[in-house]
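**Student:** In the working numbering, the protein residues as written are 43 to 255.
Here a beta-carbon is modelled for each residue, glycine too, at the ideal position from N, C-alpha and C.
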């Protein structure tokens, strides 16, 4: 069977938003590897994504939040929101409480929210009105895809639209962290250190940050 991959240039972001809104699977570059995106509110698209990744149904997905009104989807604290904003250019996934709208992706009441740490994802979140999954482009348990050729290996039975971000530098995955009782719990070690998280949290408490919107 031939490939079911269609490649798109980086600047075709409006088409990407349209594809996602219609339930399609889109591979896109992040700061660590290629991610697989679907509309996280579309149950059929989520099922298609799980089939593509051969992922157990009890495993959930991290998301990129739309920049406008993220509080529709997450019930994060001011502190979590400010730390996320301070480190939004770094590879970080924060575990935060969901609203009812994302309860279907929650695990123990929380969902992972991924920072938009690549120029493409930074623009994407300004144009979407729904959360987009930010899972790595790979079969569950395998190495994340860092090239379009590796993404193409997934496109056998389900069509994937891939945004051409070139070959991405293999590096540590995003740090997965949760703020619990005033302390950071690191769920997965990555490029962002506990010290960076603590520094961002300290800055969030400073008087100068009190007026941050």
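Taking one C-beta from the segment 118-136 and one from the segment 81-98 each time, how about it: are there three or more such pairs within less than 8 Å?
**Tutor:** Between the segment 118-136 and the segment 81-98 there are fewer than three C-beta pairs closer than 8 Å, too few to call the two in contact.
**Student:** Give me, in chain order, the residues of the same chain whose beta-carbon lies closer than 8 Å to that of residue 128; leave out the 5 immediate sequence neighbours on both sides.
**Tutor:** Within the chain shown, the letter at position 86 stands for residue 128. For residue 128, where only same-chain residues beyond five positions count, the Cβ hits under 8 Å are 242, 245 and 246.
**Student:** Assess contact between the segment 150-166 and the segment 183-200, defined as three or more Cβ pairs (one per stretch) separated by less than 8 Å. Is contact present?
**Tutor:** no
**Student:** Take residue 115 as the anchor and find which of 236, 77 and 146 has the nearest alpha-carbon.
**Tutor:** Here residue 115 is taken as the residue at index 73 of the chain shown, counted from 1. Closest option to residue 115, Cα to Cα, is 146.
**Student:** At which residue ranges does the segment 103-177 contain complete beta strand (DSSP E) runs of 3 or more residues, listed in the order of the chain?
**Tutor:** Complete beta strand (DSSP E) runs here, min 3: 134-139 and 152-156.
**Student:** Consult DSSP for residue 219 and reduce its assignment to one of helix, strand or coil.
**Tutor:** As a working mapping, residue 219 is identified with position 177 in the chain shown. Residue 219 falls in the strand class under three-state DSSP.
**Student:** For the segment 51-67 and the segment 162-178, state whether three or more C-beta atom pairs, one from each stretch, are separated by less than 8 Å.
**Tutor:** yes
**Student:** Report back the beta-carbon spacing between residue 121 and residue 221 to the nearest angstrom; my notes put them in contact at under 8 Å.
**Tutor:** The residue labelled residue 121 in the question sits at position 79 within the chain shown. The residue labelled residue 221 in the question sits at position 179 within the chain shown. Going by Cβ atoms, the distance from residue 121 to residue 221 rounds to 7 Å, so yes, they are a contact pair.
**Student:** Using 8 Å as the threshold, is the C-beta distance between residue 204 and residue 47 below it?
**Tutor:** Against the chain shown, residue 204 aligns to sequence position 162. Against the chain shown, residue 47 aligns to sequence position 5. Contact flag set, yes.
**Student:** Mind checking which residues open and close the alpha helix (DSSP H) that includes residue 89?
**Tutor:** Counted from its first residue, the chain shown places residue 89 at position 47. Here the alpha helix (DSSP H) through residue 89 covers 85-95.
**Student:** Would a C-beta distance cut-off of 8 Å place residue 177 and residue 70 closer than the cut-off?
**Tutor:** Translated into the one-based positions of the chain shown, residue 177 becomes position 135. Translated into the one-based positions of the chain shown, residue 70 becomes position 28. Taking 8 Å as the Cβ cut-off, residue 177 and residue 70 do not qualify as a contacting pair.
**Student:** Return the Cβ separation of residue 207 and residue 217 in integer angstroms, given the expectation that the two are a contact with Cβ distance under 8 Å.
**Tutor:** Position 165 of the chain shown, counted from the first residue, corresponds to residue 207. Position 175 of the chain shown, counted from the first residue, corresponds to residue 217. With a Cβ gap of about 21 Å, residue 207 and residue 217 do not count as contacting.
**Student:** Give the DSSP-derived three-state secondary structure of residue 197 in the structure shown.
**Tutor:** To locate residue 197, count along the chain shown from 1; it is residue 155. Coil at residue 197, not helix or strand.
**Student:** Distance check for residue 51 and residue 67, CA to CA, integer angstroms please.
**Tutor:** The residue given as residue 67 occupies position 25 in the chain shown. The residue given as residue 51 occupies position 9 in the chain shown. For residue 67 and residue 51, the distance between alpha carbons rounds to 16 Å.
**Student:** Between the alpha carbons of residue 106 and residue 155, how many angstroms are there, rounded?
**Tutor:** The residue labelled residue 106 in the question sits at position 64 within the chain shown. The residue labelled residue 155 in the question sits at position 113 within the chain shown. Looking at the two C-alpha atoms, the distance is approximately 6 Å.
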